[in-house]
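One structure below.
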Amino acid sequence: MQHIISILVENKFGVLSRVSGLFSGRGFNIENISVGTTLDPSVSQMTIITQGDDRIIEQIIKQLNKLIDVIKVVDLSEKDYIVRETALIKIHTSRSEDRSEALRITEIFRARVVDSTPTTYTIEITGDENKIEAIINLLRPLGIKEIVRTGKIAIAREEMKAAAIQEGKRIRA
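FYI, our numbering numbers position 147 of the sequence shown as 340, with every residue one higher than the one before it.
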């Protein structure tokens with residue numbers, strides 16, 4: 194089963210290497226990893242996608258929590274979460290029909306053209322994996338020149354009751 198693990202770490206040299214080394218040293222595969230700073234520049238957020246049963250994931254989480262620079266580890270697969278990915282897709286558009294079709298597909302998927310030359314468009318799309326794959330499949334007949342994908346990032350959804358209580362609102366049960 195696929196698991197999305199969210200890890201808050203200190204933003205220090207070598208932390209990514211230690212986290213990825215933990216996975217490889219124990220024979221666990223990382224399918225996807227994304228890292229970026231948070232509101233606090235001394236803290237980074239890692240999103241790791243991996244496969245494993247509950248026992249393996251529990252072992253991974255325990256091992257991650259033992260690392261000195263790790264602040265918090267959460268298996269988002271046990272919660273409601275939002276997951277997104279961004280892709281840049283460069284396509285051939287030397288014919289006017291191809292340009293029109295590319296713009297039509299871009300509009301349908303709420304993507305946008307971020308670069309244009311006489312022979313190419315570069316399209317930016319953000320969404321879940323299915324949305325990214327769907328636009329790629331529709332653009333493929335036009336001639337995809339290059340694709341770059343960010344990998345998945347994820348964040349837990351707020352619970353409705355907790356969010357409303359924080360705002361001072363009453364909720365009927």
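Even for Gly, the Cβ is constructed at its ideal location relative to N, Cα and C.
Buried or exposed (CB count within 10 angstroms, at least 16 for buried), residue i
i: Ile364; result: With a pLDDT of 48 at Ile364, under the threshold of 50, the predicted position of this residue should be treated as unreliable, though the coordinate-derived value follows. By the neighbour-count rule (16 or more Cβ atoms within 10 Å), Ile364 is not buried but exposed.
i: Glu278; result: buried
i: Ser289; result: exposed
i: Thr231; result: exposed
i: Ala366; result: Interpretation of Ala366 is limited by its pLDDT of 41, a score under 50 that renders its predicted location unreliable; no figure is taken from the coordinates.
i: Arg297; result: exposed
i: Ile261; result: exposed
i: Ile250; result: buried
i: Arg219; result: exposed
i: Ser293; result: exposed
Euclidean distance between Cα positions of residue i and residue j
i: Gly229; j: Glu203; result: 11 Å
i: Ile301; j: Lys345; result: 22 Å
i: Ile253; j: Val208; result: 16 Å
i: Leu332; j: Gln244; result: 30 Å
i: Ile264; j: Thr310; result: 46 Å
i: Val266; j: Asn258; result: 7 Å
i: Ile340; j: Ile325; result: 11 Å
i: Ser199; j: Ala304; result: 27 Å
i: Glu271; j: Thr313; result: 42 Å
i: Ala295; j: Phe216; result: 41 Å
i: Asp308; j: Glu317; result: 9 Å
i: Ile226; j: Thr343; result: 9 Å
i: His196; j: Glu224; result: 10 Å
i: Thr240; j: Ile329; result: 24 Å
i: Glu322; j: Ile337; result: 18 Å
Three-state secondary structure assigned by DSSP to residue i
i: Thr312; result: coil
i: Lys259; result: helix
i: Arg342; result: strand
i: Leu281; result: strand
i: Lys265; result: strand
i: Arg288; result: coil
i: Arg305; result: strand
i: Val330; result: Here residue 330 turns out to be Asn, not Val, going by the sequence shown. Helix at Asn330.
Strand pairing of residue i, partner residues [DSSP]
i: Ala347; result: Val276
i: Ser199; result: Thr240, Val267
i: Thr319; result: Thr279
i: Ile337; result: Ile284
heavy atom of the ligand FMN below 6 Å from residue i C-beta
i: Arg350; result: Summarising the ligand content, the structure contains no ligands, and the ligand FMN is consequently not present.
Quick check on the DSSP output: what are the complete beta strand (DSSP E) runs of length 3 or more inside the region 216-250, in order along the chain?
Uninterrupted beta strand (DSSP E) stretches at least 3 residues long and entirely within the region 216-250 occur at 223-230, 236-244, given in chain order.
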